[in-house]
Amino acid sequence: MSKSDKTVVITGASSGIGLGLAEAFLKEGYNVVGSGRSAGRLQAAAAQLNAGERFLGVAGDGGKPESAKKLFEQAIAKYGKVDVLVNNAGIFSAKPFIQFTPEEMEEQISTNLKGVLYPSQEAAKHMSERKQGKIITITASLGMQPAGNVPALLAVAIKGGLNQATRALALELAPFGVTVNAVAPGVVASPMHAPESHAALGRLHPLGRIATIGEVAAAVLYLARADYVTGTVMPVDGGFSAGR
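Note that the working numbering numbers the sequence shown so that position 198 is 199, with each residue one more than the last.
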């Protein structure tokens, strides 16, 4: 496929959903700028994707503003502009709230909240100036519908807040032609979950199975193409957020 004039920035692109998203956008002809904490894992991802000059890995701590700034500076220096930001980087832990240590709380706030806000801020600046662009955040269906049998208060609080932040930022950036949306998956078949747990996790969802990475990527690609959709939180969760 010929080199595209479109560029996507994907956080947490070295494995799992992020790597799947990078592959999906490359197939669509995008240049892909992927971030991650480990330069070595980004190099391994680049080798696996085999995209040559169409993939740029940028290592850094996504919870720090200087990392987000570097990410966008390098993306723009190499490809000229950023058309889409996908906030994908995230961690998840399910256990009773009282068992979370202060260190674990800070880690989740840094990765799951600050790791979305800082890249989104850089994207908002760049895209507002260009009067176009798309910001898409991977949140979680637990943020829409908590479940008593999945104790994950930190995920509910942070991802639920990001669902609302998606709507607020969509309103703020609408006058500049920038759309802001979210995809809220249920459990996804990624390295985050051991294969032997998939069947049990699937029973949490009305459709009786967990999602594939490709199904999440399809929703993200739809939002990357959709010019008249903004402020939307799209569940990709097999009916989990619909209730019981």
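No residue lacks a Cβ here, since even glycine has one placed at the ideal position from N, Cα and C.
Where GLN100 falls, given that 16 or more other Cβ within 10 Å makes a residue buried: When all chains shown are included, GLN100 counts as exposed.
Would you list, in sequence order, the uninterrupted beta strand (DSSP E) runs of no fewer than 3 residues that lie entirely inside the stretch 63 to 150? 85 to 88 and 134 to 139
CB-CB under 6 Å to LEU154, same chain, minus the five flanking residues each way: which ones, in chain order? PHE98
Quick one, which of ALA76, ALA124 and LEU72 has its alpha-carbon nearest ASP62's? Distance check between ASP62 and each of ALA76, ALA124 and LEU72 places LEU72 closest, using alpha-carbon atoms only.
Judging by CA-CA distance, which residue of TYR80, ALA171, ALA148 and SER16 is the nearest neighbour of ALA125? The shortest Cα separation from ALA125 among TYR80, ALA171, ALA148 and SER16 belongs to ALA171.
Helix, strand or coil: how does DSSP classify ASN164 here? helix
Kindly identify the DSSP beta-bridge partner or partners of ILE11. GLY35 and VAL87
So with Cβ pairs under 7 Å, would you call LEU154 a contact of chain B? Note that chain B does not occur in the displayed structure, where there is just one protein chain.
Could you have a look at VAL221 and say whether DSSP puts it in helix, strand or coil? helix
Does the beta-carbon distance from GLY161 to PRO207 come in below 7 Å? no
Output the distance between the C-alpha atoms of THR8 and GLY116, rounded to the nearest integer angstrom. 20 Å
Got a sec, what are the start and stop residues for the beta strand (DSSP E) PHE177 sits in? Element bounds for PHE177: n/a, residue is neither H nor E.
Work out the CA separation of GLN133 and VAL179 for me, nearest whole Å. 5 Å
Provide the residue span of the beta strand (DSSP E) that contains LEU57, from first to last. 56 to 60
Assigned exposure category for ASN182 - 16 Cβ within 10 Å defines buried: Residue burial annotation: ASN182 is buried, with at least 16 other C-beta atoms found within 10 angstroms of its C-beta.
Kindly indicate the opening and closing residues of the beta strand (DSSP E) around PRO196. Where PRO196 is concerned, there is no enclosing beta strand (DSSP E), given that its DSSP letter is neither H nor E.
Quick check: what's the CA-CA separation for GLN165 versus THR233? 10 Å
Need the endpoints of the beta strand (DSSP E) that VAL237 sits in, please. 234 to 237
Take the Cβ of LYS135 as the centre, count every other Cβ of all protein chains shown within 10 Å, and call the residue buried at 16 or more, exposed below. buried
Integer-rounded CB distance, given that THR112 should sit under 8 Å from GLY64: 6 Å
Drop a sphere of 10 angstroms on the beta-carbon of PRO196, count the other beta-carbons inside from all chains shown, and report buried for 16 or more, exposed for fewer. When all chains shown are included, PRO196 counts as exposed.
Short Cβ contact (7 Å threshold) for ALA185 with THR140: yes
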